[in-house]
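Enquirer: Let me begin by handing over the structure; questions about it come next.
In my numbering, the protein residues as written are 22 to 315.
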(Lines of atoms letter the chains of each structure in order from A and count residues from 1; the text may use other names and numbers.)
(Lines give C-alpha, C1' and ligand atoms only; values in the text may rest on other atoms or scores of the structure.)
Protein backbone atom coordinates (compact mmCIF):
# COMPACT_ATOMS: atom_id res chain seq x y z
CA UNK A 1 0.00 0.00 0.00
CA UNK A 2 1.46 3.32 -1.12
CA UNK A 3 1.81 6.00 1.57
CA UNK A 4 0.66 9.44 0.46
CA UNK A 5 3.31 12.13 0.03
CA UNK A 6 1.58 14.38 2.56
CA UNK A 7 1.67 11.64 5.18
CA UNK A 8 5.38 11.10 4.59
CA UNK A 9 6.07 14.79 4.82
CA UNK A 10 4.08 15.09 8.05
CA UNK A 11 5.91 12.14 9.59
CA UNK A 12 9.27 13.60 8.60
CA UNK A 13 8.36 17.01 10.00
CA UNK A 14 7.07 15.49 13.22
CA UNK A 15 10.21 13.38 13.68
CA UNK A 16 12.47 16.30 12.88
CA UNK A 17 10.59 18.52 15.32
CA UNK A 18 10.85 15.96 18.10
CA UNK A 19 14.56 15.41 17.44
CA UNK A 20 15.19 19.15 17.36
CA UNK A 21 13.39 19.65 20.69
CA UNK A 22 15.41 16.87 22.31
CA UNK A 23 18.60 18.34 20.87
CA UNK A 24 17.68 21.77 22.23
CA UNK A 25 16.96 20.30 25.68
CA UNK A 26 20.28 18.44 25.66
CA UNK A 27 22.03 21.66 24.72
CA UNK A 28 20.34 23.60 27.54
CA UNK A 29 21.40 20.95 30.06
CA UNK A 30 25.01 21.61 29.11
CA UNK A 31 24.57 24.96 30.89
CA UNK A 32 24.84 22.98 34.12
CA UNK A 33 21.18 22.73 35.18
CA UNK A 34 19.04 19.63 34.76
CA UNK A 35 15.82 21.67 34.82
CA UNK A 36 15.34 24.81 32.75
CA UNK A 37 11.60 25.07 33.49
CA UNK A 38 9.30 23.34 36.04
CA UNK A 39 7.60 21.22 33.40
CA UNK A 40 10.90 19.42 32.70
CA UNK A 41 10.46 17.53 35.98
CA UNK A 42 7.72 18.87 38.28
CA UNK A 43 8.70 16.70 41.25
CA UNK A 44 12.35 17.74 41.20
CA UNK A 45 11.39 21.34 40.46
CA UNK A 46 9.18 21.39 43.58
CA UNK A 47 12.00 19.96 45.68
CA UNK A 48 14.43 22.57 44.37
CA UNK A 49 11.96 25.35 45.16
CA UNK A 50 11.65 24.05 48.73
CA UNK A 51 15.43 23.89 49.05
CA UNK A 52 15.80 27.46 47.78
CA UNK A 53 13.17 28.63 50.27
CA UNK A 54 14.97 26.82 53.10
CA UNK A 55 18.30 28.37 52.07
CA UNK A 56 16.76 31.83 52.01
CA UNK A 57 15.20 31.38 55.46
CA UNK A 58 18.42 29.96 56.88
CA UNK A 59 20.41 32.88 55.47
CA UNK A 60 18.15 35.31 57.35
CA UNK A 61 18.53 33.44 60.63
CA UNK A 62 22.28 33.18 60.06
CA UNK A 63 22.40 36.95 59.67
CA UNK A 64 20.43 37.38 62.90
CA UNK A 65 22.69 34.97 64.78
CA UNK A 66 25.88 36.65 63.59
CA UNK A 67 24.53 40.07 64.48
CA UNK A 68 23.66 38.71 67.92
CA UNK A 69 27.14 37.17 68.28
CA UNK A 70 28.67 40.56 67.49
CA UNK A 71 26.44 42.18 70.13
CA UNK A 72 27.30 39.75 72.93
CA UNK A 73 31.00 39.73 72.00
CA UNK A 74 31.20 43.50 72.23
CA UNK A 75 29.19 43.42 75.46
CA UNK A 76 31.58 40.92 77.01
CA UNK A 77 34.63 42.96 75.98
CA UNK A 78 33.06 46.10 77.45
CA UNK A 79 32.14 44.38 80.71
CA UNK A 80 35.71 43.11 80.91
CA UNK A 81 37.00 46.69 80.72
CA UNK A 82 34.52 47.80 83.39
CA UNK A 83 35.73 44.95 85.60
CA UNK A 84 39.32 46.06 85.04
CA UNK A 85 38.38 49.59 86.09
CA UNK A 86 36.81 48.30 89.30
CA UNK A 87 39.89 46.22 90.01
CA UNK A 88 42.16 49.21 89.40
CA UNK A 89 40.02 51.37 91.69
CA UNK A 90 40.22 48.78 94.46
CA UNK A 91 44.00 48.55 94.16
CA UNK A 92 44.36 52.33 94.34
CA UNK A 93 41.98 52.58 97.29
CA UNK A 94 43.81 49.89 99.25
CA UNK A 95 46.92 52.07 99.14
CA UNK A 96 44.94 55.10 100.23
CA UNK A 97 43.23 53.47 103.17
CA UNK A 98 46.44 52.57 104.99
CA UNK A 99 46.90 54.46 108.22
CA UNK A 100 50.14 56.06 107.03
CA UNK A 101 48.78 57.67 103.86
CA UNK A 102 48.55 61.48 104.20
CA UNK A 103 45.30 63.19 103.24
CA UNK A 104 46.75 64.94 100.21
CA UNK A 105 47.72 61.52 98.81
CA UNK A 106 44.25 60.20 99.56
CA UNK A 107 42.78 63.16 97.70
CA UNK A 108 45.01 62.43 94.71
CA UNK A 109 43.91 58.78 94.69
CA UNK A 110 40.29 59.91 94.96
CA UNK A 111 40.84 62.02 91.84
CA UNK A 112 42.13 58.97 89.97
CA UNK A 113 39.06 57.00 91.03
CA UNK A 114 36.88 59.87 89.79
CA UNK A 115 38.55 59.46 86.41
CA UNK A 116 37.85 55.73 86.52
CA UNK A 117 34.19 56.46 87.26
CA UNK A 118 34.02 58.73 84.20
CA UNK A 119 35.65 55.98 82.15
CA UNK A 120 33.12 53.42 83.37
CA UNK A 121 30.25 55.77 82.49
CA UNK A 122 31.72 56.16 79.00
CA UNK A 123 31.89 52.37 78.68
CA UNK A 124 28.32 52.03 79.92
CA UNK A 125 27.27 54.32 77.04
CA UNK A 126 28.98 52.15 74.41
CA UNK A 127 27.10 51.96 71.13
CA UNK A 128 26.66 48.83 69.04
CA UNK A 129 25.90 50.40 65.68
CA UNK A 130 25.75 54.12 66.28
CA UNK A 131 22.05 53.98 67.10
CA UNK A 132 21.57 51.22 69.66
CA UNK A 133 23.45 51.22 72.96
CA UNK A 134 24.75 48.00 74.48
CA UNK A 135 23.38 48.74 77.93
CA UNK A 136 20.60 51.16 77.01
CA UNK A 137 17.85 48.56 76.70
CA UNK A 138 15.02 49.72 74.47
CA UNK A 139 15.84 53.38 75.10
CA UNK A 140 16.92 54.95 71.79
CA UNK A 141 16.94 58.65 72.59
CA UNK A 142 20.71 58.85 73.01
CA UNK A 143 23.21 57.75 75.62
CA UNK A 144 21.41 56.10 78.54
CA UNK A 145 23.61 57.26 81.44
CA UNK A 146 24.89 60.62 82.64
CA UNK A 147 27.38 61.62 85.33
CA UNK A 148 26.31 64.75 87.20
CA UNK A 149 28.11 65.94 90.32
CA UNK A 150 29.77 62.59 90.83
CA UNK A 151 26.44 60.76 90.72
CA UNK A 152 25.37 58.65 87.76
CA UNK A 153 21.75 58.38 86.70
CA UNK A 154 19.72 57.56 83.63
CA UNK A 155 19.06 60.25 81.04
CA UNK A 156 15.39 59.47 80.52
CA UNK A 157 12.48 57.28 81.48
CA UNK A 158 13.25 53.68 80.64
CA UNK A 159 16.90 54.32 79.84
CA UNK A 160 18.96 51.22 80.55
CA UNK A 161 15.91 48.95 80.70
CA UNK A 162 14.21 46.62 78.24
CA UNK A 163 15.24 43.50 76.36
CA UNK A 164 16.89 43.45 72.93
CA UNK A 165 16.03 40.18 71.22
CA UNK A 166 16.98 38.42 68.00
CA UNK A 167 14.98 35.68 66.33
CA UNK A 168 17.55 32.92 65.93
CA UNK A 169 15.11 30.22 64.83
CA UNK A 170 11.54 30.37 63.63
CA UNK A 171 9.50 31.43 66.66
CA UNK A 172 12.53 31.40 69.00
CA UNK A 173 14.05 34.66 70.23
CA UNK A 174 17.11 35.22 72.38
CA UNK A 175 17.79 38.20 74.59
CA UNK A 176 21.28 39.51 73.84
CA UNK A 177 21.64 42.61 75.98
CA UNK A 178 22.55 43.37 79.56
CA UNK A 179 20.22 46.00 81.01
CA UNK A 180 22.48 48.73 82.33
CA UNK A 181 19.99 50.04 84.86
CA UNK A 182 19.97 46.69 86.62
CA UNK A 183 23.68 45.91 86.22
CA UNK A 184 25.27 49.29 86.90
CA UNK A 185 22.80 51.20 89.04
CA UNK A 186 21.01 48.45 90.96
CA UNK A 187 24.26 46.45 90.90
CA UNK A 188 26.10 49.33 92.55
CA UNK A 189 28.88 49.70 89.97
CA UNK A 190 28.65 53.47 89.67
CA UNK A 191 27.88 54.08 93.34
CA UNK A 192 30.74 51.89 94.59
CA UNK A 193 33.28 54.03 92.73
CA UNK A 194 31.65 57.24 93.94
CA UNK A 195 31.65 55.93 97.52
CA UNK A 196 35.34 54.96 97.28
CA UNK A 197 36.25 58.47 96.22
CA UNK A 198 34.10 59.99 98.96
CA UNK A 199 35.59 57.71 101.63
CA UNK A 200 39.13 58.64 100.63
CA UNK A 201 38.39 62.35 100.82
CA UNK A 202 36.54 62.06 104.13
CA UNK A 203 39.39 60.26 105.90
CA UNK A 204 37.31 57.17 106.78
CA UNK A 205 38.69 53.65 106.79
CA UNK A 206 36.67 52.85 103.65
CA UNK A 207 35.70 49.32 104.69
CA UNK A 208 32.09 49.66 103.55
CA UNK A 209 33.18 51.21 100.26
CA UNK A 210 35.64 48.36 99.61
CA UNK A 211 32.92 45.79 100.30
CA UNK A 212 30.68 47.63 97.82
CA UNK A 213 33.39 47.51 95.14
CA UNK A 214 33.77 43.77 95.64
CA UNK A 215 30.00 43.33 95.29
CA UNK A 216 29.98 45.44 92.12
CA UNK A 217 32.83 43.39 90.69
CA UNK A 218 30.88 40.19 91.40
CA UNK A 219 27.89 41.71 89.60
CA UNK A 220 30.07 42.21 86.52
CA UNK A 221 31.31 38.62 86.74
CA UNK A 222 27.73 37.35 86.95
CA UNK A 223 26.69 39.38 83.91
CA UNK A 224 29.72 38.14 81.97
CA UNK A 225 28.80 34.56 82.80
CA UNK A 226 25.30 35.21 81.45
CA UNK A 227 26.71 36.73 78.27
CA UNK A 228 29.18 33.86 77.89
CA UNK A 229 26.39 31.29 78.02
CA UNK A 230 24.45 33.20 75.36
CA UNK A 231 27.51 33.49 73.17
CA UNK A 232 28.15 29.75 73.38
CA UNK A 233 24.57 29.00 72.36
CA UNK A 234 24.73 31.47 69.48
CA UNK A 235 27.99 30.04 68.19
CA UNK A 236 26.58 26.51 68.33
CA UNK A 237 23.50 27.73 66.46
CA UNK A 238 25.67 29.38 63.82
CA UNK A 239 27.66 26.16 63.42
CA UNK A 240 24.41 24.25 62.99
CA UNK A 241 23.31 26.65 60.26
CA UNK A 242 26.64 26.22 58.46
CA UNK A 243 26.09 22.46 58.43
CA UNK A 244 22.49 22.91 57.31
CA UNK A 245 23.48 25.16 54.41
CA UNK A 246 26.16 22.70 53.32
CA UNK A 247 23.65 19.83 53.36
CA UNK A 248 21.03 21.81 51.45
CA UNK A 249 23.51 22.92 48.81
CA UNK A 250 24.74 19.36 48.36
CA UNK A 251 21.15 18.17 47.90
CA UNK A 252 20.52 21.07 45.54
CA UNK A 253 23.52 19.99 43.50
CA UNK A 254 22.44 16.34 43.42
CA UNK A 255 18.95 17.28 42.22
CA UNK A 256 19.69 20.19 39.95
CA UNK A 257 23.23 19.97 38.62
CA UNK A 258 24.17 18.10 35.48
CA UNK A 259 26.91 15.52 35.12
CA UNK A 260 28.77 17.36 32.36
CA UNK A 261 30.38 14.25 30.87
CA UNK A 262 26.95 12.62 30.64
CA UNK A 263 25.40 15.82 29.28
CA UNK A 264 27.99 16.08 26.50
CA UNK A 265 27.53 12.45 25.57
CA UNK A 266 23.74 12.88 25.56
CA UNK A 267 24.04 15.96 23.35
CA UNK A 268 26.21 14.08 20.87
CA UNK A 269 23.66 11.26 20.73
CA UNK A 270 20.77 13.69 20.17
CA UNK A 271 22.72 15.51 17.49
CA UNK A 272 23.41 12.22 15.72
CA UNK A 273 19.71 11.31 15.88
CA UNK A 274 18.77 14.69 14.45
CA UNK A 275 21.26 14.38 11.62
CA UNK A 276 19.97 10.88 10.90
CA UNK A 277 16.41 12.22 10.78
CA UNK A 278 17.50 14.87 8.31
CA UNK A 279 19.20 12.27 6.15
CA UNK A 280 16.13 10.03 6.22
CA UNK A 281 13.93 12.93 5.25
CA UNK A 282 16.12 13.64 2.25
CA UNK A 283 15.13 10.34 0.74
CA UNK A 284 11.39 10.86 0.96
CA UNK A 285 10.86 14.59 0.57
CA UNK A 286 11.17 16.91 -2.39
CA UNK A 287 14.60 18.53 -2.70
CA UNK A 288 13.12 21.99 -2.46
CA UNK A 289 11.59 21.25 0.93
CA UNK A 290 14.78 19.55 2.12
CA UNK A 291 16.78 22.60 1.10
CA UNK A 292 14.37 24.73 3.09
CA UNK A 293 14.90 22.54 6.16
CA UNK A 294 18.65 22.74 5.86
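Just so you know, even glycine gets a beta-carbon here, dropped at the ideal spot from N, CA and C.
Is the Cβ-Cβ distance between residue 325 and residue 244 less than 9 Å?
Expert: As displayed, the chain neither begins before 22 nor continues past 315, which places residue 325 out of reach and without an answer.
Enquirer: If contact is defined by three or more beta carbon pairs under 8 Å, each pair taking one atom from either stretch, is the region 219-227 in contact with the region 248-256?
Expert: No, the region 248-256 is not in contact with the region 219-227.
Enquirer: Say whether the region 257-276 touches the region 206-222, bearing in mind that this needs 3 or more beta-carbon pairs closer than 8 Å, one atom from each stretch.
Expert: These segments do not touch.
Enquirer: Do the region 201-215 and the region 174-187 make contact, defined as three or more Cβ pairs closer than 8 Å?
Expert: Touching, yes.
Enquirer: Could you tell me which whole beta strand (DSSP E) segments of length 3 or greater appear in the region 117-195?
Expert: Correct list: 166-169, 172-175, 186-190.
Enquirer: Can you tell me the Cα-Cα spacing of residue 216 and residue 99, whole angstroms?
Expert: For residue 216 and residue 99, the distance between alpha carbons rounds to 22 Å.
Enquirer: Just to confirm before moving on: does the CB-CB distance between residue 158 and residue 185 stay below 9 Å?
Expert: For residue 158 and residue 185, yes; Cβs fall inside 9 Å.
Enquirer: Using the C-alpha atoms, what's the distance from residue 117 back to residue 237?
Expert: Each residue's alpha carbon lies about 20 Å from the other.
Enquirer: To the nearest whole angstrom, what separates the beta carbons of residue 189 and residue 258, a pair I think is in contact under 8 Å?
Expert: Going by Cβ atoms, the distance from residue 189 to residue 258 rounds to 6 Å, so yes, they are a contact pair.
Enquirer: By the three-class DSSP mapping on this structure, what secondary structure does residue 197 have?
Expert: In the structure shown, residue 197 sits in coil (DSSP, three-state: anything other than H, G, I, E or B).
Enquirer: CA-CA distance, residue 123 and residue 139?
Expert: Looking at the two C-alpha atoms, the distance is approximately 25 Å.
Enquirer: According to DSSP, is residue 249 part of a helix, a strand, or is it coil?
Expert: Of the three classes helix, strand and coil, the one that applies to residue 249 here is helix, per DSSP.
Enquirer: When burial is assigned at 16 or more other CB atoms within 10 Å of the CB, is residue 104 buried or exposed?
Expert: Looking at its Cβ environment, which holds 16 or more other Cβ atoms inside 10 Å, residue 104 is buried.
Enquirer: In terms of residue numbering, what span does the alpha helix (DSSP H) encompassing residue 220 cover?
Expert: First-last of the alpha helix (DSSP H) with residue 220: 210-223.
Enquirer: Tell me whether the beta-carbon of residue 128 lies closer than 9 Å to the beta-carbon of residue 171.
Expert: No; because the gap between Cβ atoms is not below 9 Å, this pair is not in contact.
Enquirer: DSSP on residue 88, reduced to helix/strand/coil?
Expert: Looking at residue 88 - three-state DSSP - the assignment turns out to be helix.
Enquirer: Once you ignore the five residues that flank residue 68 on each side, which residues in its own chain have a CB closer than 7 Å to its CB?
Expert: These residues qualify, in order along the chain: 276.
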